[in-house]
Amino acid sequence: MVGYGMPRVGNQAFANLVDKMLSGKVVHINNKEDPITVIPTIPMGFHHPSGEIHIQDSGEWDVCPGVFPTPLHFVCLCHHKALT
C-alpha cells in the first residue's frame with residue numbers, strides 16, 4: 137500500500153498492528169512542509185505505522201522505517217537519501 141500525505145489515523149497499538157500484519161508492505165510519502173501528515177499529533181496519542189518517506193524541498197528524501205520512543209517524545213529514525 138502506498139499513501140501520499142496521509143494524516144495519523146490511529147494510536148500506537150493500531151500502528152503496531154499495521155506493522156505486524158503488513159510488514160514491509162506499507163509506504164507513506166509526504167512533503168515535510170505538509171501539515172496534514174503531522175495531525176492529529178503524537179501527544180494526542182496518534183501515530184503512523186512504519187514506512188514513512190519524507191520528500192525535502194531539495195528533492196532529496198528521508199526514509200523513516202519507524203519511531204524510537206524516548207522519555208519525552210518519539211523521534212523518527214530517518215536515513216537521508218538523494219534522488220538520482
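Last residue of the sequence shown: 220 (our numbering), numbering continuous.
Backbone N, C-alpha and C fix where the C-beta goes; we use that ideal spot for every residue, glycine too.
Values in this document were obtained by computation on a predicted structure and should not be read as measured data.
Which residue marks the beginning of the alpha helix (DSSP H) containing residue i, and which one marks its end?
i, result
"Val199", "No alpha helix (DSSP H) holds Val199; the beta strand (DSSP E) holding it covers Trp197 to Cys200."
"Asn166", "No alpha helix (DSSP H) holds Asn166; the beta strand (DSSP E) holding it covers Val163 to Asn167."
"Asp155", "Gln148 to Met157"
May I ask you to list the residues that DSSP assigns as paired with residue i?
i, result
"Gly141", "Answer is none; Gly141 lacks a bridge partner."
"Ile172", "Per DSSP, none; premise fails for Ile172."
"His183", "Gly146"
Going by C-alpha to C-alpha distance, which of the options sits closest to residue i?
i, options, result
"Tyr140", "Val154, Leu153 and His164", "His164"
"Gly195", "Asp155, Gly160, Leu158 and Asn166", "Asn166"
"Met142", "His190, Met157 and Trp197", "His190"
"Pro180", "Lys168, Asp198 and Arg144", "In the sequence under discussion, the amino acid at residue 180 is Met, which differs from the Pro named in the question. With distances taken between Cα atoms, Met180 lies closest to Arg144."
"Trp197", "Glu169, Ile178, Ile175 and Pro176", "Glu169"
"Val199", "Gly160, Pro171 and Ile172", "Gly160"
"Leu158", "Gln192, Asp193 and Val138", "Val138"
Which two residues bound the contiguous beta strand (DSSP E) that contains residue i?
i, result
"Ile191", "Glu188 to Ile191"
Practice task
For the segment 175–186 and the segment 144–153, state whether three or more C-beta atom pairs, one from each stretch, are separated by less than 8 angstroms.
Solution key: yes
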